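K.L.:
Can you keep this structure in mind? I'll have questions shortly.
Residue numbers (my numbering), protein chains in the order written: chain A, 11 to 198; chain B, 11 to 198.
See the structure below:
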């Protein structure tokens with residue numbers, strides 16, 4: 011068994027455990043299965059996209075999410091979660107992201123073409139090793155809006171509801187891209 | 011002269027013309043020069059980061075910028091430019107981005123390490139050809155906040171001013187990363 015196949019086996023075992031304990035976004039599982047069914051690829055991590063309230067303290071180590079939804083969310087739910095934080099509270103919508111190991115540069119190239127055609131425009135190769143090329147696929151649906159600065163609310167509840175409705179639309183668009191990529195992969 | 015050297019010569023000629031006509035952000039020119047002074051690399055495009063008002067019509071072909079600043083901007087200037095548009099008007103802060111051709115995968119790998127260490131965390135390889143590997147370096151400073159929906163203003167002028175002050179801080183941080191990358195490249 012070559013090194014790529016060995017690492018793929020290990021990655022799929024880990025994925026199956028994650029799926030069992032509910033750590034994988036359900037919406038993205040069919041796409042992960044489609045990728046893993048191809049012999050030149052395996053997935054190492056993924057997110058189907060998310061809507062979150064994020065406390066930015068200016069340091070990646072200290073920043074944290076105060077609420078996070080990997081689904082469409084009721085605007086009232088978001089308003090309810092908004093509270094004073096130490097730094098800046100951001101409303102964020104983040105696009106789907108996948109990390110995929112490809113057997114070689116040629117396999118990575120084919121995957122990138124299919125991904126970009128499916129709307130994953132911010133995609134690229136992260137690293138190249140003899141046994142595998144790591145590819146990151148990222149889509150484009152994003153919102154980054156500050157809504158509180160320490161104890162000071164910067165916007166109205168209506169604006170937060172508006173942000174949520176917009177984020178839900180972006181989330182729905184992202185799910186369509188996930189399905190499109192799954193379809194386009196069949197041509198790989 | 012090999013193909014890489016030939017293409018580099020062509021790219022540098024184009025860059026010099028762009029600099030002369032003022033099409034290149036001044037803040038990023040020292041970094042471009044540092045990269046182009048290394049024999050294994052040349053730059054093909056760049057942006058030092060920007061703050062803009064962007065009319066999102068839901069289609070990349072139709073979307074357009076109604077105002078754009080490649081510098082810190084006075085909050086009052088931004089408020090003055092806000093006007094009703096056909097789609098959603100976004101206030102956007104976008105990070106520096108560079109496209110760089112590297113001679114081979116090993117040169118690309120070294121560049122990616124220096125870039126990530128300098129804070130260009132969203133960086134990767136876009137394409138691989140026999141004569142060159144295209145690398146995209148992207149930093150992380152971003153704001154994407156809807157501020158008008160057609161004729162309806164969603165936020166106060168004070169919020170727009172707050173966004174601008176925050177964007178100016180992010181812009182300043184990005185400029186520090188540009189300087190840091192320039193320094194780190196000397197070790198390549």
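C-beta: ideal position from N, C-alpha, C; glycine also. Quantities reported herein were computed from a predicted structural model and do not represent experimental measurements.
(1) Any idea if residue 186 (chain B) is buried or exposed, counting beta-carbon neighbours within 10 angstroms, 16 or more meaning buried?
(2) Looking at the structure shown, is residue 20 (chain B) part of a helix, part of a strand, or coil, going by DSSP?
(3) Work out the CA separation of residue 195 (chain A) and residue 56 (chain A) for me, nearest whole Å.
(4) Considering just the uninterrupted stretch of the alpha helix (DSSP H) at residue 126 (chain B), what are its terminal residues?
(5) Answer yes or no: do residue 148 (chain A) and residue 111 (chain A) have a C-beta to C-beta separation smaller than 9 Å?
(6) Excluding the five sequence neighbours on either side, which residues of its own chain have a C-beta within less than 6 Å of the C-beta of residue 145 (chain A), listed in chain order?
(7) Below 9 Å between beta carbons: does that hold for residue 87 (chain A) and residue 76 (chain A)?
(8) For residue 130 (chain A), which residues does DSSP report across the bridge?
(9) Which runs of the beta strand (DSSP E) spanning at least 3 residues fall entirely within the region 42 to 91 of chain A, listed in chain order?
(10) So, does the CB of residue 192 (chain B) fall closer than 9 Å to a CB anywhere in chain A?
(11) Beta carbons nearer than 8 Å to chain B: which residues of the region 152 to 165 of chain A have them?
(12) So, for residue 60 (chain A): in the same chain, excluding its five sequence neighbours on each side, which residues have a beta-carbon less than 7 Å away from its beta-carbon?
(13) List the residues of chain B that residue 198 (chain A) touches, going by C-beta distances under 7 Å, in chain order.
(14) At 8 Å on the CB atoms, spell out the chain A contacts of residue 129 (chain B), in chain order.
(15) Only counting the same chain, and skipping five residues up and downstream in sequence, which positions put a Cβ closer than 7 Å to that of residue 2 (chain A)?
(16) Please identify, using Cβ separations under 8 Å, the residues of the region 134 to 145 of chain B that lie next to chain A, in order along the chain.
(17) If you check the beta carbons only, do residue 133 (chain A) and residue 152 (chain B) fall under 9 Å apart?
(18) Going by DSSP, what residue range makes up the alpha helix (DSSP H) through residue 184 (chain A)?
(19) Give a yes or no on whether 9 Å exceeds the smallest Cβ distance from residue 74 (chain B) to chain A.
(20) To the nearest angstrom, how far is the alpha carbon of residue 33 (chain A) from that of residue 107 (chain A)?
(21) If you check the beta carbons only, do residue 73 (chain B) and residue 65 (chain B) fall under 9 Å apart?
(22) Determine the burial state of residue 180 (chain A): buried for a count of at least 16 other Cβ atoms within 10 Å of its Cβ, exposed for fewer.
(23) Just to check my reading of the structure: residue 157 (chain A) and residue 170 (chain A) have Cβ atoms closer than 8 Å, yes? What is that Cβ distance to the nearest angstrom?
(24) Spell out the partners DSSP gives residue 137 (chain B) in its beta bridges.
(25) Can you tell me the Cβ-Cβ gap for residue 82 (chain A) and residue 178 (chain A), rounded? I've got them flagged as a contact below 8 Å.
(26) Sort B:114, B:165 and B:189 by Cα distance to residue 139 (chain B) and report the nearest one.
(27) Scan the region 165 to 182 of chain A for residues whose Cβ lies nearer than 9 Å to a Cβ of chain B and list them as they occur along the chain.
(28) For residue 76 (chain A), is the beta carbon positioned less than 8 Å from some heavy atom of the ligand GTP?
(29) What's the gap between the Cα of residue 213 (chain A) and the Cα of residue 70 (chain B)?
(30) Could you give the DSSP three-state label for residue 36 (chain A): helix, strand or coil?
(31) Can you tell me which of the three DSSP states residue 198 (chain B) falls into?
(32) According to DSSP, is residue 25 (chain B) helix, strand or coil?
(33) Going by DSSP, what residue range makes up the beta strand (DSSP E) through residue 154 (chain A)?
(34) Please report how far the alpha carbon of residue 190 (chain B) lies from the alpha carbon of residue 98 (chain A), in whole angstroms.
(35) Between residue 108 (chain B) and chain A, is there a C-beta pair that is closer than 9 Å?
(36) Under the rule that 16 or more other beta-carbon atoms within 10 Å means buried, what is residue 165 (chain A), buried or exposed?
P.N.:
Let me lay it out:
(1) Position 176 of the second chain, counting from 1, holds the residue named residue 186 (chain B). Classification for residue 186 (chain B): exposed.
(2) One-based indexing of the second chain puts residue 20 (chain B) at position 10. In this structure, residue 20 (chain B) counts as helix in the three-state DSSP scheme.
(3) On the first chain, residue 56 (chain A) is found 46 positions in, with the first residue counted as 1. On the first chain, residue 195 (chain A) is found 185 positions in, with the first residue counted as 1. Each residue's alpha carbon lies about 16 Å from the other.
(4) Within the second chain, residue 126 (chain B) is the residue found at index 116, counting from 1. Per DSSP, residue 126 (chain B) belongs to the alpha helix (DSSP H) from 115 to 127.
(5) Residue 148 (chain A) sits at position 138 when you count from the first residue of the first chain. Residue 111 (chain A) sits at position 101 when you count from the first residue of the first chain. For residue 148 (chain A) and residue 111 (chain A), no; Cβs fall outside 9 Å.
(6) Position 135 of the first chain, counted from the first residue, corresponds to residue 145 (chain A). Within the same chain, residue 145 (chain A) has close Cβ partners 110, 112, 118, 121 and 135.
(7) Along the first chain, read from residue 1 onward, the residue named residue 87 (chain A) stands at position 77. Along the first chain, read from residue 1 onward, the residue named residue 76 (chain A) stands at position 66. No, they are not a contact pair.
(8) As a working note, residue 130 (chain A) is residue 120 in the first chain. None, per the DSSP bridge assignment.
(9) 51 to 57, 60 to 66 and 74 to 79
(10) The residue you call residue 192 (chain B) lines up with position 182 of the second chain. Not one chain A Cβ lies under 9 Å of residue 192 (chain B).
(11) 152, 153, 154, 155, 156, 159, 164 and 165
(12) Walking along the first chain from the start, residue 60 (chain A) turns up at place 50. The answer, listed in chain order, is 78, 79, 80 and 104.
(13) Residue 198 (chain A) sits at position 188 when you count from the first residue of the first chain. Here the premise fails: no neighbours, minimum Cβ distance about 17 Å.
(14) Within the second chain, residue 129 (chain B) is the residue found at index 119, counting from 1. Within 8 Å Cβ-Cβ: nothing; residue 129 (chain B) doesn't reach chain A, min ~10 Å.
(15) Since the displayed chain A opens at 11 and closes at 198, residue 2 (chain A) lies outside it and no answer follows.
(16) 134, 135, 136, 137 and 138
(17) Here residue 133 (chain A) refers to the residue found at position 123 of the first chain. Here residue 152 (chain B) refers to the residue found at position 142 of the second chain. No. Outside cutoff.
(18) In the first chain, the residue the question calls residue 184 (chain A) occupies position 174. Secondary structure note for residue 184 (chain A): its alpha helix (DSSP H) is the uninterrupted segment 167 to 195.
(19) Along the second chain, one-based indexing puts residue 74 (chain B) at 64. Among the residues facing chain A, residue 74 (chain B) is not included, as its CB has no counterpart in that chain under 9 Å away.
(20) Working through the first chain from its first residue, we reach residue 33 (chain A) at position 23. Working through the first chain from its first residue, we reach residue 107 (chain A) at position 97. Their backbone Cα atoms lie some 15 Å apart in a straight line.
(21) As a position in the second chain, residue 73 (chain B) is number 63, starting the count at 1. As a position in the second chain, residue 65 (chain B) is number 55, starting the count at 1. Yes, the pair counts as a contact, with Cβ atoms nearer than the cut-off.
(22) If you number the first chain from 1, residue 180 (chain A) lands on position 170. With 16 or more other Cβ atoms within 10 Å, it is buried.
(23) Residue mapping note: residue 157 (chain A) aligns to position 147 of the first chain, counting from 1. Residue mapping note: residue 170 (chain A) aligns to position 160 of the first chain, counting from 1. Residue 157 (chain A) to residue 170 (chain A), Cβ: 6 Å. Contact.
(24) What you label residue 137 (chain B) is simply residue 127 of the second chain in a count that begins at 1. Beta-bridge pairing links residue 137 (chain B) to B:144.
(25) As a first step, residue 82 (chain A) is located in the first chain; it is residue number 72 there, counting from the start. As a first step, residue 178 (chain A) is located in the first chain; it is residue number 168 there, counting from the start. So it is a contact: roughly 4 Å between Cβ atoms.
(26) For the purposes of this step, residue 139 (chain B) is taken as the residue at position 129 of the second chain. Considering only B:114, B:165 and B:189, the residue with the shortest C-alpha distance to residue 139 (chain B) is B:114.
(27) Result list: 165, 166, 168, 169, 172, 173 and 176.
(28) Here there are no bound small molecules, and the ligand GTP is not part of this structure.
(29) Outside the displayed span of chain A (11 to 198) sits residue 213 (chain A), for which this structure offers no information.
(30) Taking the first residue of the first chain as position 1, residue 36 (chain A) is located at position 26. Correct three-state label for residue 36 (chain A): helix.
(31) Indexing the second chain from 1 puts residue 198 (chain B) at position 188. If DSSP states are grouped into helix, strand and coil, residue 198 (chain B) belongs with coil.
(32) Counting from one through the second chain, the residue named residue 25 (chain B) turns up at place 15. Three-state DSSP puts residue 25 (chain B) in a helix.
(33) Translated into positions along the first chain, residue 154 (chain A) becomes position 144. First-last of the beta strand (DSSP E) with residue 154 (chain A): 153 to 159.
(34) Position 180 of the second chain, counted from the first residue, corresponds to residue 190 (chain B). Position 88 of the first chain, counted from the first residue, corresponds to residue 98 (chain A). Pairing residue 190 (chain B) with residue 98 (chain A), the inter-Cα distance amounts to about 26 Å.
(35) For the purposes of this step, residue 108 (chain B) is taken as the residue at position 98 of the second chain. Not an interface residue.
(36) Walking along the first chain from the start, residue 165 (chain A) turns up at place 155. With 16 or more Cβ atoms within 10 Å of its Cβ, residue 165 (chain A) is classed as buried.
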